[in-house]
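All residue numbers for the sequence shown refer to the numbering used here, where the first residue is 125 and numbers rise by one.
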Amino acid sequence: MTTGTELLEGLNPAQKEAVETVDGPLLIVAGPGSGKTRVITHRIAYLVREYGVSPYNILAMTFTNKAAKEMRERLDRLVGSRSDLLTVGTFHAFCAKLLRWEGHHLGLNSNYSIYDSDDQTTILKKSMELAETDPKRYPPRAVGSVISKAKSQLWDAAVFAKNAQNTDDYFEEVTSKVYRHYEELMGRNNALDFDDLLMKAVQLLEAFPEVKKKYQDRYQFIMVDEFQDTNIAQYRLARLLGEGHQNICVVGDPDQSIYSWRAADIRNILSFQQDYPGSKTIALDQNYRSTATILDAAKNLISVNGQRIQKDLFTDNSKGSPVEVREAYDEGEEAAFVIAEAGRLVREEGFKAGDCAVMYRINAQSRALEEACLHRGTKYRLVGGVRFYQRREVKDLMAYLHLVYNPQDDINLGRVISVPPRGIGAKSMQTLSSWAENQGMGLFAAMQEIAAARLAGEPCPISVTPRAATAMADFAVMIEKLIELSQNAPVVDLVDRVVEDSGFRSYIQGSDDKPQERWENILELRTTAQEFNAETPPDGLATLLERLALVADVDNYEENDDSITLITLHQAKGLEFPVVFIVGMEEGLLPHSRSMDSEDQLEEERRLCYVGMTRAEKKLYLTRAFRRSVFGSSMSGLASRFLRDIPAELITSGDGGISDGSRQGNIDRAKLDMPPKRPSWNTWQAPTPVVNRDAPVTARPTLQVGDSVRHNAFGEGVVTHLETTSADTEVTIEFAGGVGVKRLLLSFAPLEKV
Numbered sequence: 125m126t127t128g129t130e131l132l133e134g135l136n137p138a139q140k141e142a143v144e145t146v147d148g149p150l151l152i153v154a155g156p157g158s159g160k161t162r163v164i165t166h167r168i169a170y171l172v173r174e175y176g177v178s179p180y181n182i183l184a185m186t187f188t189n190k191a192a193k194e195m196r197e198r199l200d201r202l203v204g205s206r207s208d209l210l211t212v213g214t215f216h217a218f219c220a221k222l223l224r225w226e227g228h229h230l231g232l233n234s235n236y237s238i239y240d241s242d243d244q245t246t247i248l249k250k251s252m253e254l255a256e257t258d259p260k261r262y263p264p265r266a267v268g269s270v271i272s273k274a275k276s277q278l279w280d281a282a283v284f285a286k287n288a289q290n291t292d293d294y295f296e297e298v299t300s301k302v303y304r305h306y307e308e309l310m311g312r313n314n315a316l317d318f319d320d321l322l323m324k325a326v327q328l329l330e331a332f333p334e335v336k337k338k339y340q341d342r343y344q345f346i347m348v349d350e351f352q353d354t355n356i357a358q359y360r361l362a363r364l365l366g367e368g369h370q371n372i373c374v375v376g377d378p379d380q381s382i383y384s385w386r387a388a389d390i391r392n393i394l395s396f397q398q399d400y401p402g403s404k405t406i407a408l409d410q411n412y413r414s415t416a417t418i419l420d421a422a423k424n425l426i427s428v429n430g431q432r433i434q435k436d437l438f439t440d441n442s443k444g445s446p447v448e449v450r451e452a453y454d455e456g457e458e459a460a461f462v463i464a465e466a467g468r469l470v471r472e473e474g475f476k477a478g479d480c481a482v483m484y485r486i487n488a489q490s491r492a493l494e495e496a497c498l499h500r501g502t503k504y505r506l507v508g509g510v511r512f513y514q515r516r517e518v519k520d521l522m523a524y525l526h527l528v529y530n531p532q533d534d535i536n537l538g539r540v541i542s543v544p545p546r547g548i549g550a551k552s553m554q555t556l557s558s559w560a561e562n563q564g565m566g567l568f569a570a571m572q573e574i575a576a577a578r579l580a581g582e583p584c585p586i587s588v589t590p591r592a593a594t595a596m597a598d599f600a601v602m603i604e605k606l607i608e609l610s611q612n613a614p615v616v617d618l619v620d621r622v623v624e625d626s627g628f629r630s631y632i633q634g635s636d637d638k639p640q641e642r643w644e645n646i647l648e649l650r651t652t653a654q655e656f657n658a659e660t661p662p663d664g665l666a667t668l669l670e671r672l673a674l675v676a677d678v679d680n681y682e683e684n685d686d687s688i689t690l691i692t693l694h695q696a697k698g699l700e701f702p703v704v705f706i707v708g709m710e711e712g713l714l715p716h717s718r719s720m721d722s723e724d725q726l727e728e729e730r731r732l733c734y735v736g737m738t739r740a741e742k743k744l745y746l747t748r749a750f751r752r753s754v755f756g757s758s759m760s761g762l763a764s765r766f767l768r769d770i771p772a773e774l775i776t777s778g779d780g781g782i783s784d785g786s787r788q789g790n791i792d793r794a795k796l797d798m799p800p801k802r803p804s805w806n807t808w809q810a811p812t813p814v815v816n817r818d819a820p821v822t823a824r825p826t827l828q829v830g831d832s833v834r835h836n837a838f839g840e841g842v843v844t845h846l847e848t849t850s851a852d853t854e855v856t857i858e859f860a861g862g863v864g865v866k867r868l869l870l871s872f873a874p875l876e877k878v
């Protein structure tokens, strides 16, 4: 436990002012690496220690479970045993709790399910069938995206339909019909999706003044982290809770607003001073993370943007090495350089593999990087791969738990009814579904009717085979027993019973598909369930399901000394690494082609690049390729305009070019805008390599088709084709070891004949 005086020790003047500013609305503009989490936690502890505010009266909301966990751990140390009274969590987690406490006002059962993206897709496809909407003409993903954005603007199906009538957009008209069915099906399943959590929490507070006052009275001090990422619903939620006492403190940085595609609205933070007259603004402008050179490069980049709150970032850190900008022929050579350079840093400069992160704009860029890692035998960790909680066996077991908690959940019942197979086929399920719908009940309730008829010695009420009827009745009885157990037993005991009673253990262990690995995943889920044993049943089950439903890719990120991290720029938000490589610095990729027609979108792309650059502590590399294959097609592109925003004196191209032994040297900045040239056989000429005139020239090997060669990164291969122009020679090589065919420029490629 820390005293009030100790809470101010070690803070810089701006941080100290932010901690000591207690009353009224406060905007803290926190630059990257400025210690904002420290300020937030110390401010909360200061309220408790110096002002005597009860932790029960403090609410802190952020965006990721990882950030909330870090905040909670720090507060445990700063506040002590009373920290349990604090409400600290993500927006979604807070809304989930609020709706379990007060959702009955909206007619919502407290044991509702939270559907993940897979479950949402299932409901969406059913809704499109009911709306007679052709999924080929109207892709479900696009329809779902429109519904999601509508909810973030607090438009339920009725409001959306009304707005759709006032537009000529036929897609919106079609979506409005799907949305209506989607809303009905979600209600029938007693389920909410992520957007519902926010929308319904706001609807609750707006429609029931007594509920709003109850929570305004409770949460007398509110703190919101990452305020630049809030959407309309999140902004409205914070405003409703804080409008009585006005003790609302928001922390954020408009320069790091990168989620407009998730309906985040940068105007929320830009207009805070107008929305809260008399508010105070404090800028945290000292960076503790990056070298002076990296920070200066990032500052120059972001200064081009117009939608900003001005601040002058500075650091007392050393100048550090220049930002390294490298050009490769294609994505394969780019990836080979990045992974080889990371290896060199580990061997020669004392870094660990876990210090290195490679960041990219789109997930498709990871393929070449993964191949390069595999070729060099480099361990890597792909953030955003198949998540643990998305693995089939884990989803199946979680579906059982969802059904036990919420028997109205037809989606999860449909998932587990044949896991393991129990003699209930698709035709029997369709018959059951039709009968249940005619009776106005869910699937589980219909199965209970079958079980009741059997117990009473009456015939089965639906037309299915005797085997299917018996299996349905047995299933209903099993779930009823598990529901009864869930009311009294710890979560882990419930998990054990589900695994045994359902036959799930035998099903997994007898599988031909990686049975040991899949069973280990079940044991890992059991370990997770043990964390909730201390909670009184059935609250432990509710908390477990809620926690796992809201987990995100980056929440599971943990530092690892021996693996390079491959991660998208969006996922990297909130993380930091000693060494950062940003690949794909090309027009059409970063900035993305979709942003080209919108100045607002271009500014967001620049912010995204800024976020990536400011993750770096010691070394920063920016790489581009003259030619890149994306989604099955090859494209050539200009160097990213963002490279022009970095002063020449802050960058270098290194002394060895893209690969060890190549002849490429410093980038000619005057040519950054020049389109790459290609061979005449493809309507464009080969790019003229930029050469360091002061560097020793390595003689190109004289090659012909059939020659065996060795490449520093790709290994040994055989020349299969040569294409020579006045500028260069493009050589096609089939490499061994699974690397495959690569087309390389002879002036770039570090080749030797063998």
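No residue lacks a Cβ here, since even glycine has one placed at the ideal position from N, Cα and C.
Below 8 Å on the Cβ atoms is my contact criterion, and I expect residue i with residue j to pass it. Report the Cβ-Cβ distance as a whole number of Å.
{"i": "residue 322", "j": "residue 215", "result": "7 Å"}
{"i": "residue 502", "j": "residue 688", "result": "6 Å"}
{"i": "residue 656", "j": "residue 615", "result": "5 Å"}
{"i": "residue 338", "j": "residue 364", "result": "That pair is no contact at about 12 Å."}
{"i": "residue 610", "j": "residue 513", "result": "Rounded, the Cβ-Cβ distance is 20 Å, inconsistent with contact."}
{"i": "residue 305", "j": "residue 230", "result": "About 20 Å; that fails the 8 Å criterion."}
{"i": "residue 763", "j": "residue 710", "result": "6 Å"}
{"i": "residue 392", "j": "residue 727", "result": "The pair is not a contact, with the Cβ atoms about 16 Å apart (cut-off 8 Å)."}
Use the C-beta contact count for residue i: other C-beta atoms within 10 angstroms, 16 or more gives buried, fewer gives exposed.
{"i": "residue 877", "result": "exposed"}
{"i": "residue 654", "result": "exposed"}
{"i": "residue 848", "result": "exposed"}
{"i": "residue 381", "result": "buried"}
{"i": "residue 386", "result": "exposed"}
{"i": "residue 183", "result": "buried"}
{"i": "residue 597", "result": "buried"}
{"i": "residue 829", "result": "exposed"}
{"i": "residue 568", "result": "buried"}
{"i": "residue 563", "result": "exposed"}
{"i": "residue 822", "result": "Confidence in residue 822 is poor, its pLDDT being 44 and thus under 50, which makes the residue's placement too unreliable to answer from."}
{"i": "residue 718", "result": "exposed"}
{"i": "residue 715", "result": "buried"}
{"i": "residue 798", "result": "Per-residue confidence for residue 798 stands at a pLDDT of 32, beneath the threshold of 50, marking its modelled position as unreliable; the derived number appears in the next sentence. Exposed, since its Cβ has fewer than 16 Cβ neighbours within 10 Å."}
{"i": "residue 129", "result": "exposed"}
{"i": "residue 207", "result": "buried"}
In the DSSP output, which residue or residues are listed as bridge partners for residue i?
{"i": "residue 410", "result": "438"}
{"i": "residue 775", "result": "447"}
{"i": "residue 866", "result": "857"}
{"i": "residue 751", "result": "760"}
{"i": "residue 876", "result": "834"}
{"i": "residue 840", "result": "834"}
{"i": "residue 743", "result": "703"}
{"i": "residue 586", "result": "None, per the DSSP bridge assignment."}
{"i": "residue 212", "result": "184"}
{"i": "residue 457", "result": "None; residue 457 has no bridge partner."}
{"i": "residue 325", "result": "According to DSSP, residue 325 bridges with nothing at all."}
{"i": "residue 668", "result": "Paired residues: none, contrary to the question."}
Return yes when the C-beta of residue i is under 7 Å from any heavy atom of the ligand HEM, and no when it is not.
{"i": "residue 618", "result": "With respect to the ligand HEM, the structure shown offers nothing to examine, as it has no ligands at all."}
So within the region 139-192, which uninterrupted alpha helix (DSSP H) runs reach at least 4 residues, ignoring any that extend past its ends?
For the region 139-192, whole alpha helix (DSSP H) runs of length 4 or above, ordered along the chain, are 160-175.
On the three-pair Cβ rule with 8 Å, is the region 440-449 touching the region 187-198?
Inter-segment contact for the region 440-449 and the region 187-198 is absent: fewer than three beta-carbon pairs are separated by less than 8 Å.
Inter-stretch contact at 8 Å, needing at least 3 Cβ pairs: the region 141-151 / the region 368-381:
Three or more Cβ pairs closer than 8 Å define a contact, and the region 141-151 meets that threshold against the region 368-381.
Are at least three pairs of beta-carbons, each pair with one atom in the region 402-411 and one in the region 742-752, less than 8 Å apart?
When C-beta atoms of the region 402-411 are compared with those of the region 742-752, fewer than three pairs fall below 8 Å, so the two segments do not count as touching.
Say whether the region 513-522 touches the region 642-650, bearing in mind that this needs 3 or more beta-carbon pairs closer than 8 Å, one atom from each stretch.
Because the criterion of three Cβ pairs below 8 Å is met, the region 513-522 and the region 642-650 touch.
Sequence ranges, alpha helix (DSSP H) only - wholly within the region 482-539, length at least 4
Fully enclosed alpha helix (DSSP H) runs of no fewer than 4 residues occupy 490-500, 516-529 of the region 482-539, in order along the chain.
Completely contained beta strand (DSSP E) runs for the region 345-426, where each covers 3 or more residues:
Note on the region 345-426: whole beta strand (DSSP E) runs with a minimum of 3 residues are 345-348, 372-376, 404-408, in chain order.
What ranges does the alpha helix (DSSP H) occupy inside the region 253-310, keeping only unbroken runs of at least 4 residues that lie completely in it?
Considered as a whole, the region 253-310 harbours 264-276, 281-289 as its complete alpha helix (DSSP H) runs of no fewer than 4 residues, in chain order.
At a cut of 8 Å, does the region 448-460 reach the region 663-674 through at least three beta carbon pairs?
No contact exists between the region 448-460 and the region 663-674.
Is it a yes or a no for the region 275-282 touching the region 349-369, going by three-plus beta-carbon pairs under 8 Å?
In short, these stretches touch, since the Cβ pair count reaches three.
Enumerated in chain order, which unbroken segments of the alpha helix (DSSP H) with a length of 4 residues or greater are wholly contained in the region 592-664?
Counting whole runs of 4 or more residues, the region 592-664 contains the alpha helix (DSSP H) stretches 615-625, 628-633, 639-654.
Would you say the region 230-246 touches the region 307-319, given that touching needs at least three Cβ pairs under 8 Å?
Touching, per the Cβ criterion.
Is there contact between the region 615-625 and the region 568-587, where contact requires at least three CB pairs shorter than 8 Å?
The region 615-625 vs the region 568-587: no contact.
Meets three-Cβ-pair contact criterion under 8 Å: the region 251-271 and the region 289-309
In short, these stretches touch, since the Cβ pair count reaches three.
Should the region 530-547 be called in touch with the region 627-642, which here means at least 3 C-beta pairs below 8 Å?
Of all C-beta pairs linking the region 530-547 to the region 627-642, three or more are shorter than 8 Å, placing the two stretches in contact.
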